[in-house]
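FYI, in UniProt numbering the residues of the sequence shown are 1 to 295.
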Amino acid sequence: MTVRQDTIWERFLSPIVRLLIDEDGLRRYADSIDWEKECDRFQRDDVIIPAYYSSQNFHGVTGGYLNSSAAVTYDPITQYVLPPNESIVRQALIDAVKVKPRRILDLGCGTGSTTLMLKQAFWQAEVIGLDLSPYMLVRAEDKARNADLDIVWRHGNAEKTGLSDATFDLVTASLLFHETPDAVSLAILRESFRLLVTGGQVLILDGNQKTLRQLEWLNDVFEEPYIREYAASSIDANMGAAGFEAVRSQDVWWINQVTSGVKPIKTENIRRYAPTSIDNNDLEGLGSPAFGIMA
Numbered sequence: 001m002t003v004r005q006d007t008i009w010e011r012f013l014s015p016i017v018r019l020l021i022d023e024d025g026l027r028r029y030a031d032s033i034d035w036e037k038e039c040d041r042f043q044r045d046d047v048i049i050p051a052y053y054s055s056q057n058f059h060g061v062t063g064g065y066l067n068s069s070a071a072v073t074y075d076p077i078t079q080y081v082l083p084p085n086e087s088i089v090r091q092a093l094i095d096a097v098k099v100k101p102r103r104i105l106d107l108g109c110g111t112g113s114t115t116l117m118l119k120q121a122f123w124q125a126e127v128i129g130l131d132l133s134p135y136m137l138v139r140a141e142d143k144a145r146n147a148d149l150d151i152v153w154r155h156g157n158a159e160k161t162g163l164s165d166a167t168f169d170l171v172t173a174s175l176l177f178h179e180t181p182d183a184v185s186l187a188i189l190r191e192s193f194r195l196l197v198t199g200g201q202v203l204i205l206d207g208n209q210k211t212l213r214q215l216e217w218l219n220d221v222f223e224e225p226y227i228r229e230y231a232a233s234s235i236d237a238n239m240g241a242a243g244f245e246a247v248r249s250q251d252v253w254w255i256n257q258v259t260s261g262v263k264p265i266k267t268e269n270i271r272r273y274a275p276t277s278i279d280n281n282d283l284e285g286l287g288s289p290a291f292g293i294m295a
């Protein structure tokens, strides 16, 4: 794994984080796995890695997430860069779930941190974690095994999952959209709309777009090739353009946000996004599975 030396992360933050993590333990863990062999179990021939993902560096790491080092170091680092606490931030997505899901799809699941929390919160539901990196899926599966959680891990592209129409009650994505071009984020939301049953809910946890626009220096903390494009965009507007209603974003400790949308009953005449006064806690009128109204 090659790391650029001129990023703010590498010059200032990385030395601090490295004092807090057990690098020797991480090396032992990395050496204990035959990564290529394990990746072969997940790798799908029909999945094409898009150029926006494979040709960019993320967090200053050459090759982004398509290597074992990224899978091993992601969790130890992330716990220190999501204030005030990674679990609290991810729990905000769980708390925003307003449906009673039977099937859940976690897009861009990475090492499965949010996916595991979804399964723990909704243990009777079938939970699928999907990611473009088979290396991240190897780590996610290992975490689920250690937690004794039955989760399906799938190699795939969130823009075009290959999964059937209207087969999920809940679709989520955590810390994914700031790492994709805006057009891709919109495509992912449209795919989420297709996958959801009538009344199903989509939830997006990511950086707070208002905060990122107001504090330019935050965009320079990590090497994220699409973060300025993300900050200038609006998840709310993209959700509306994808057909979702009851669109609402809420701040999560100022740095992050959770955005919720619901697939309405009538989809023949999809309305473009406009600010809504609908209470996101009252989804009965939109045919939510929480109230037993199914597609």
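Where a beta carbon is used, it is the ideal one built from N, C-alpha and C, also for glycine.
Beta-carbon gap between residue i and residue j smaller than 8 Å
i	j	result
V258	L203	yes
D106	V127	yes
L116	P76	no
V72	A121	no
T114	T172	yes
I255	P83	yes
C109	A140	yes
L196	K119	no
L176	F42	no
Delimiting residues of the alpha helix (DSSP H) encompassing residue i
i	result
T259	Here T259 belongs to no alpha helix (DSSP H); instead the beta strand (DSSP E) covers N256 to V262.
D95	E86 to D95
K37	W35 to F42
P76	S68 to T78
Y226	No alpha helix (DSSP H) holds Y226; DSSP gives it neither H nor E.
Buried/exposed call for residue i, threshold 16 Cβ in 10 Å
i	result
residue 299	No answer is possible for residue 299: it lies beyond the span of the chain, which begins at 1 and ends at 295.
N208	buried
R90	buried
Q201	buried
P134	buried
R194	buried
A70	buried
R213	exposed
A242	buried
S192	buried
E179	buried
T267	With a pLDDT of 49 at T267, under the threshold of 50, the predicted position of this residue should be treated as unreliable, and no value is reported.
A274	Note that A274 scores 47 on pLDDT, short of 50, meaning its location in the model is unreliable and no value can be drawn from it.
Extent of the continuous beta strand (DSSP E) to which residue i belongs
i	result
R248	E245 to V252
residue 296	Because the chain in this structure spans residues 1 to 295, residue 296 falls outside the shown range and cannot be described.
Contact test: residue i Cβ vs the ligand ATP heavy atom, cutoff 7 Å
i	result
I21	The ligand ATP is not part of the structure shown, which contains no ligands of any sort.
Subject >> Sufficient close CB pairs (3 or more, under 8 Å) joining the segment 177 to 189 to the segment 90 to 103 >> reply: no
Subject >> Ranges of the beta strand (DSSP E) found wholly within the segment 102 to 162, counting only runs of at least 3 >> reply: 103 to 107, 126 to 131 and 152 to 155
**OP:** Pick out the complete alpha helix (DSSP H) segments inside the segment 178 to 212, 4 residues or longer, and give them in chain order.
**Re:** 182 to 195
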